[in-house]
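Novice:
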Amino acid sequence: PNVEVVVGCPAPFLTLAKSLLPATINVSAQNAYKVQKGAFTGEISPAMLKDIGINWVILGHSERRAIFGETDQLIAEKVAHALAEGLKVIACIGETLQEREAGQTEAVCFRQTKAIADAIKDWSN
Numbered sequence: 001p002n003v004e005v006v007v008g009c010p011a012p013f014l015t016l017a018k019s020l021l022p023a024t025i026n027v028s029a030q031n032a033y034k035v036q037k038g039a040f041t042g043e044i045s046p047a048m049l050k051d052i053g054i055n056w057v058i059l060g061h062s063e064r065r066a067i068f069g070e071t072d073q074l075i076a077e078k079v080a081h082a083l084a085e086g087l088k089v090i091a092c093i094g095e096t097l098q099e100r101e102a103g104q105t106e107a108v109c110f111r112q113t114k115a116i117a118d119a120i121k122d123w124s125n
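full-length UniProt numbering puts the last residue of the sequence shown at 125; the count rises by one with no breaks.
1. Which stretch, first to last residue, makes up the alpha helix (DSSP H) that contains ILE58?
2. Whose C-alpha, out of ASP51, GLN73 and GLY53, is nearest the C-alpha of LEU59?
3. Along the chain, where does the alpha helix (DSSP H) that runs through VAL89 open and close?
4. In angstroms with no decimal places, state the Cα-to-Cα distance between GLU99 and ALA115.
5. In or out: GLU95 buried (at least 16 other Cβ within 10 Å) or exposed?
6. Spatial neighbours of ALA76 within its chain, please: CB distance less than 6 Å, with the 5 preceding and 5 following residues excluded, ordered by chain position.
7. Is it buried or exposed, LEU14, if we count other Cβ atoms within 10 angstroms and call 16 or more buried?
8. If you compare alpha carbons, which of PRO22, ASN26, PRO12 and LEU21 is closest to residue 165?
9. For the beta strand (DSSP E) holding ALA17, just list the boundary residues, first then last.
10. Below 8 Å on the Cβ atoms is my guess for SER45 versus VAL35; work out the distance and round it to an integer in Å.
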């Protein structure tokens, strides 16, 4: 079948997961920052992920939006940078429970998707 299986795991376990899983299963980081290098303590860049053989990243997860206050704009910048650096991206979109109950699902998903689409200059990856 034409299926790609991707497992997302915390950064400390990326290389372990990659070493234990069959080559047919990809390993994804759960986050990456929006710039290549600089003083961003605790962040991981797409270049760092590629250095350890990780080619996938999950960006925009609801927990990062809610707990760390990641905005649509920041997530869009992260997605654009990760793609430009050659990573494959799982871009998460979705409404909160409060937004769903208020009937805002479509508007929220559109807003989040538009922010990402507007930030991407090259769709070849």
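Glycine residues also receive a C-beta, built at the ideal position from the N, C-alpha and C atoms.
Specialist: The answer reads as follows:
1. Boundaries around ILE58 are those of the beta strand (DSSP E), 56-59, since no alpha helix (DSSP H) includes it.
2. Looking at ASP51, GLN73 and GLY53, the one whose alpha-carbon comes closest to that of LEU59 is GLN73.
3. Where VAL89 is concerned, there is no enclosing alpha helix (DSSP H), although the beta strand (DSSP E) it sits in stretches over 88-91.
4. One C-alpha to the other measures close to 18 Å.
5. Under this definition GLU95 is a buried residue.
6. Short of 6 Å from the beta carbon of ALA76, and not among the five residues preceding or following it, lie these beta carbons of its own chain, in chain order: ALA115, ILE116 and ALA119.
7. By the 16-neighbour rule on beta-carbons within 10 angstroms, LEU14 is buried.
8. Residue 165 lies beyond the range of the chain shown here (1 to 125); nothing can be said about it.
9. ALA17: not part of any beta strand (DSSP E); member of the alpha helix (DSSP H) spanning 14-20, first to last residue.
10. Sure, about 7 Å apart at Cβ, within 8 Å.
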